[in-house]
Amino acid sequence: MSIEQGVGKTRSGLFSRLFGALRKPEEEPVTDEWLDRLEEALLRADLSVSLVDPVMLQVRDVVREGRAKTVPKVLDAVRDALVAVIPPAAEAPAGTPRVILVVGVNGSGKTTFAAKLAKRLRDGGEKPLLAAADTFRAAAIEQLESWAQRLQLPVVSGRPGGDPAAVVFDAIQAARSRGNSVVIADTAGRLHTKGYLMDELEKIVRVAGRAREGAPDEVLLVLDGTQGQNAILQAREFTKAAKVTGLVVTKLDGTAKGGAVFAIANDLGLPVRWLGVGEKAEDLVPMDARAYVTAMLPNG
Amino acid sequence: MFEQLQDRLAATFATLQGRPRVTEADLEEALRDVRVALLEADVSFKVVKQLVATVRERAIGQQVVQSVSGAQQVVKIVHDALVEMLGSEASPLERATTAPTVIVMVGLQGSGKTTTSAKIANVLRKQGRKPVLVTVDVHRPAAMDQLEALGKQLGLPVRRADPKSVPLDGGDTVIVDTAGRLHIDEAMMAEVESIVAATHPTEVLLVVDAMAGQDAVDAASAFKARLPITGLVLAKVDSDARGGASLSIRAATGIPVKLMGTGEKLDAIEVFHPDRLAQRILGMGDVVTLVEKAQEVVDQKEAEEQAKKLLEARFTLDDFYTQLQQLKKMGPLGDLLKMIPGMGQLAKQLPQGPEAERELRKVEAIISSMTRGERADPSIVNGSRRKRIARGSGTTVSDVNQLLKQFEEMRKLMKQLGGMAKGGRLPYHLPLRR
Ligand SMILES: Nc1nc2c(ncn2[C@@H]2O[C@H](COP(=O)(O)OP(=O)(O)OP(=O)(O)O)[C@@H](O)[C@H]2O)c(=O)[nH]1
Ligand SMILES: [Mg+2]
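The listed protein sequences derive, respectively, from chains G and S. Going by this note's numbering, the first residue of the first sequence is number 4, and it counts up by one from there. Going by this note's numbering, the first residue of the second sequence is number 146, and it counts up by one from there.
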């Protein structure tokens with residue numbers, strides 16, 4: 004990631020003109036205090052120090068050399084540099100039914116996300132089927148079933164204590180015979196440090212592939228936006244157990260910013276697909292890197 | 146969860162210890178490392194800033210620069226500052242003078258309140274108390290079912306209640322599990338305020354995810370501003386989170402950490418001992434001793450060469466063997482390994498005392514039963530080679546597997562460290578080098 008590029012781009016870029024139009028005639032000059040505030044904002048957004056330090060180093064250089072003198076100019080550069088960290092989400096070809104596996108650590112927001120995504124896909128004209136494959140946590144099945152009922156969506160459930168891989172298998176079969184276009188499978192929360200649970204996840208993936216070749220098409224890792232640098236370790240381990248295709252950041256309706264995903268995107272090249280912004284079914288927005296970054300920066 | 150912070154800082158102090166005199170630049174470099182280590186451990190930005198400032202001020206006040214024992218002094222200053230941050234005494238759960246004792250559990254969504262409620266009930270029952278679980282989470286789908294199922298597993302009564310009328314009868318201790326809520330959600334904060342006002346709890350416990358990030362301090366402060374929070378419970382401590390955010394809450398708000406959750410099972414909860422923890426995180430005295438011992442025994446040049454190899458992941462089983470030999474000269478193995486930054490993990494896998502020596506002999510036997518090619522590149526050691534090595538060394542295939550796996554893990558860890566070093570962040574300062 005390079006601030007240099009950022010500075011270069013904004014000179015002629017569309018956004019520079021957009022932001023430029025909003026600027027006051029006298030632009031606020033960059034001061035040392037303001038630079039400190041910028042650094043603080045980035046770190047407090049849980050952006051990793053391994054990203055913030057090089058960014059700030061470059062920012063200070065650029066400012067010292069007089070290549071960017073005003074706050075908006077520097078903000079644009081930082082914004083562009085951070086936006087460039089998040090790889091764009093490419094649509095991969097998917098089989099029928101499309102299979103989406105929802106994974107993550109305990110309490111990150113998987114079940115809620117699975118329900119939200121199902122609703123959104125249904126509203127977009129698809130025919131989703133939910134799979135309640137968290138057979139471990141108390142009342143996890145009831146939780147997804149209650150969402151399904153509320154949203155009037157079909158759900159295939161396992162038995163408490165049953166084999167989660169079998170639930171996913173059954174759901175794919177059921178989707179095929181009932182004509183559902185997409186299966187969204189909710190899995191149990193698992194800490195990435197527990198080898199046996201990571202093995203279980205590997206098995207779920209394997210068995211999904213047996214039900215439909217190439218499945219799952221998407222493995223979405225749900226990260227709690229209030230968590231810090233540990234998210235990086237989570238992503239690393241989960242990508243080892245399953246081919247994670249994208250990230251979901253939840254709980255962004257609070258004051259946390261989920262900045263750890265930048266290091267994840269940077270290290271693992273994973274796109275961020277969805278943002279959770281509340282507890283209701285409609286509180287889901289597609290990732291917009293520019294808006295996301297803007298929310299992390301100090302305003303002016 | 147805390148070992149990595151310890152390891153990270155230990156490496157810094159090992160370098161500092163190696164300097165004959167601490168220069169101003171050394172001090173600044175050490176402080177930079179301390180800052181990065183703490184930020185990477187999710188210690189709150191403000192707490193880090195304050196801590197670094199405190200250390201700098203005290204270091205200058207004590208004139209560590211140019212003093213011969215400067216390094217030890219800096220180590221001690223950081224140590225003390227961190228201990229101040231962690232607090233020192235365990236805070237047990239209080240009990241009401243007249244029954245029932247009411248415990249209200251609060252926190253952000255998904256932090257672990259429901260599981261923790263059941264765990265506390267389980268602990269109290271084992272202590273001879275009669276706990277009742279009450280759920281007032283009317284918000285999250287099936288949240289009440291969840292607590293009910295946990296109660297059933299424990300054979301304890303669970304009652305569902307409206308947040309406006311919480312029943313307090315049926316036992317000597319009532320544990321109230323509330324819905325997860327955001328600290329900025331006015332309606333929800335008002336709801337929990339009224340629950341607390343109506344139930345007169347002895348304990349209001351804020352459950353915090355050990356993996357929490359920078360926002361945790363603000364969230365906790367907001368909860369504290371509205372509710373008489375009496376303690377924190379750290380949940381999911383069995384993760385590899387460094388736990389800095391949860392510890393910052395103690396520093397920033399003064400709320401003591403009372404308990405920690407260490408697994409999904411209902412008996413996985415422990416009393417939190419900040420003093421023991423501080424020692425675990427810091428273990429600085431050990432590092433000092435180790436560095437001194439290492440200086441006596443290890444050939445300087447060789448150690449440097451090995452540290453470099455380690456970081457570049459060129460480290461082979463041969464090198465490992467050499468290091469083990471050197472370690473042996475330095476004393477009881479288990480204790481020694483524990484003192485080496487980055488080796489804490491390995492040390493834990495090793496038994497202590499005479500058994501450790503036996504274990505070491507086994508490792509030596511395995512390595513010496515390998516061919517040179519195998520030692521240089523363990524990835525070629527397939528199943529039949531493993532059998533041969535096991536036979537040759539008088540061990541089992543699973544012993545061989547275990548050694549190779551541990552070695553690989555260590556290499557990976559070192560590679561990560563090496564990557565950081567190349568990034569210019571972490572100078573080459575591994576354990577045995579000076
Ligand atoms: N404020 C807010 N809360 C959320 C969001 N997403 C989920 N939650 C809440 O977070 C809590 C945990 O969500 P779940 O969906 O049950 O999380 P999970 O990952 O399925 O949890 P386990 O299955 O127990 O590991 C619930 O109280 C949700 O209502 C979000 O975007 N914003
Ligand atoms: Mg769930």
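Built from N, CA and C at the ideal position, the CB exists for glycine as well.
Per-residue burial, residue i [other beta carbons within 10 Å of its own, 16 or more giving buried]
| i | result |
| --- | --- |
| N527 (chain S) | exposed |
| K261 (chain S) | Checking the sequence, you will find Thr at residue 261 (chain S) rather than Lys. By the neighbour-count rule (16 or more Cβ atoms within 10 Å), T261 (chain S) is buried. |
| G257 (chain G) | buried |
| L3 (chain G) | Absent from the model: residue 3 (chain G). The displayed extent of chain G is 4 to 303, so no value can be given. |
| T323 (chain S) | buried |
| E36 (chain G) | exposed |
| G272 (chain G) | exposed |
| R503 (chain S) | exposed |
| D463 (chain S) | exposed |
| E185 (chain S) | buried |
| E216 (chain G) | exposed |
| E518 (chain S) | Per the sequence presented here, residue 518 (chain S) reads as Gly, with Glu not at that position. Result: exposed. |
| K297 (chain S) | exposed |
Three-state class that DSSP yields for residue i in the structure shown
| i | result |
| --- | --- |
| L377 (chain S) | strand |
| G249 (chain G) | strand |
| D412 (chain S) | coil |
| T344 (chain S) | helix |
| G279 (chain G) | strand |
| P219 (chain G) | coil |
| K238 (chain S) | Going by the sequence as given, residue 238 (chain S) is Leu instead of Lys. Looking at L238 (chain S) - three-state DSSP - the assignment turns out to be coil, as it is neither helix nor strand. |
| D354 (chain S) | strand |
| S393 (chain S) | helix |
| R531 (chain S) | helix |
| I103 (chain G) | strand |
| T297 (chain G) | helix |
| V158 (chain G) | strand |
| I187 (chain G) | strand |
| K221 (chain S) | helix |
| D463 (chain S) | helix |
| V249 (chain S) | strand |
| L2 (chain G) | Here chain G has residues from 4 to 303 only, and residue 2 (chain G) is not among them. |
| V433 (chain S) | Unreliable positioning characterises V433 (chain S) in this predicted model, as indicated by a pLDDT of 38, which lies under 50. The coordinate reading is nonetheless provided below. In the structure shown, V433 (chain S) sits in a helix (DSSP, three-state: H, G or I). |
Residue-level contact to chain S via CB, residue i, 8 Å cutoff
| i | result |
| --- | --- |
| N183 (chain G) | no |
| T73 (chain G) | no |
| R123 (chain G) | no |
| N269 (chain G) | no |
| P28 (chain G) | Reliability of the predicted coordinates at P28 (chain G) is poor, the pLDDT of 42 falling under 50, and no value is obtained from them. |
| D49 (chain G) | yes |
| D166 (chain G) | no |
| D227 (chain G) | yes |
| T297 (chain G) | no |
| K243 (chain G) | no |
Residue i at chain G interface by Cβ criterion, 8 Å
| i | result |
| --- | --- |
| K381 (chain S) | yes |
| L350 (chain S) | no |
| G273 (chain S) | no |
| Q195 (chain S) | no |
| L253 (chain S) | yes |
| I329 (chain S) | yes |
| F190 (chain S) | yes |
| G406 (chain S) | no |
| D444 (chain S) | Low local confidence applies: a pLDDT of 49 at D444 (chain S) is under 50, so the model's placement there is unreliable, with the coordinate-based value given in what follows. No, because no Cβ of chain G sits closer than 8 Å to the Cβ of D444 (chain S). |
| Q551 (chain S) | no |
| M230 (chain S) | no |
Distance cut-off 7 Å: residue i Cβ against heavy atoms of ligand 3
| i | result |
| --- | --- |
| N109 (chain G) | What this structure holds is ligand 1 and ligand 2, not ligand 3. |
Secondary structure, beta strand (DSSP E): runs of 3+ residues fully inside the stretch 282-342 of chain S: The DSSP assignment places 303-305, 318-322 as complete runs of the beta strand (DSSP E) inside the stretch 282-342 of chain S, in order along the chain (cut-off: 3 residues).
Inter-stretch contact (C-beta, 8 Å, three-pair minimum) for the stretch 175-189 of chain G and the stretch 211-221 of chain G: The answer is yes - the stretch 211-221 of chain G touches the stretch 175-189 of chain G, with three or more Cβ pairs under 8 Å.
Cβ contact check for the stretch 412-420 of chain S and the stretch 223-232 of chain G: 3 or more pairs under 8 Å: Contact between the stretch 412-420 of chain S and the stretch 223-232 of chain G is absent, because fewer than three Cβ pairs lie under 8 Å.
Sufficient close CB pairs (3 or more, under 8 Å) joining the stretch 298-313 of chain S to the stretch 159-172 of chain G: Counting C-beta pairs closer than 8 Å gives fewer than three between the stretch 298-313 of chain S and the stretch 159-172 of chain G, which falls short of the contact rule.
Members of the stretch 170-186 of chain S near chain B, C-beta cut-off 7 Å: In the structure shown, chain B cannot be found, because the protein chains are G and S.
The stretch 281-291 of chain G in contact with the stretch 380-393 of chain S per 3-pair CB rule at 8 Å: Touching, no.
Sequence ranges, alpha helix (DSSP H) only - wholly within the stretch 44-132 of chain G, length at least 4: For the stretch 44-132 of chain G, the full-length alpha helix (DSSP H) segments reaching 4 residues or more read 52-67, 74-86, 113-126 along the chain.
Cβ contact (3+ pairs, closer than 8 Å) linking the stretch 163-183 of chain G and the stretch 114-124 of chain G: At 8 Å Cβ cutoff, the stretches do not touch.
Any 3 or more C-beta pairs closer than 8 Å across the stretch 392-408 of chain S and the stretch 358-378 of chain S: As far as the Cβ criterion goes, the stretch 392-408 of chain S touches the stretch 358-378 of chain S, which means the pair count is three or higher.
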